[in-house]
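Just so you know, we're using the working numbering here: the sequence shown kicks off at 16 and counts up by one. Even glycine gets a Cβ: it sits at the ideal position worked out from N, Cα and C. Keep in mind it's a predicted model, so treat the numbers as computed, not measured.
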Amino acid sequence: METKNIKKCVHCENRAKEDSGQEEINFAVLLALVPLMTLTLFSQLNLL
């Protein structure tokens, strides 16, 4: 299978970099909130 050499515009490359950075930040926030949500669930179910 051949790979085509497709050039992207500068705007598209910058947008892709910004999007990937934003996704990384969102994932980090989600991972930080998982323990809090777990503790809240367990305390609401009177398991703690």
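The C-alpha of I40 is placed about 11 Å away from the C-alpha of E33. Judged by beta-carbon spacing, F57 lies within the 8 Å limit of L63, meaning their Cβ atoms are closer than that value. In this model, V25 and T55 are separated by some 45 Å (Cα to Cα).
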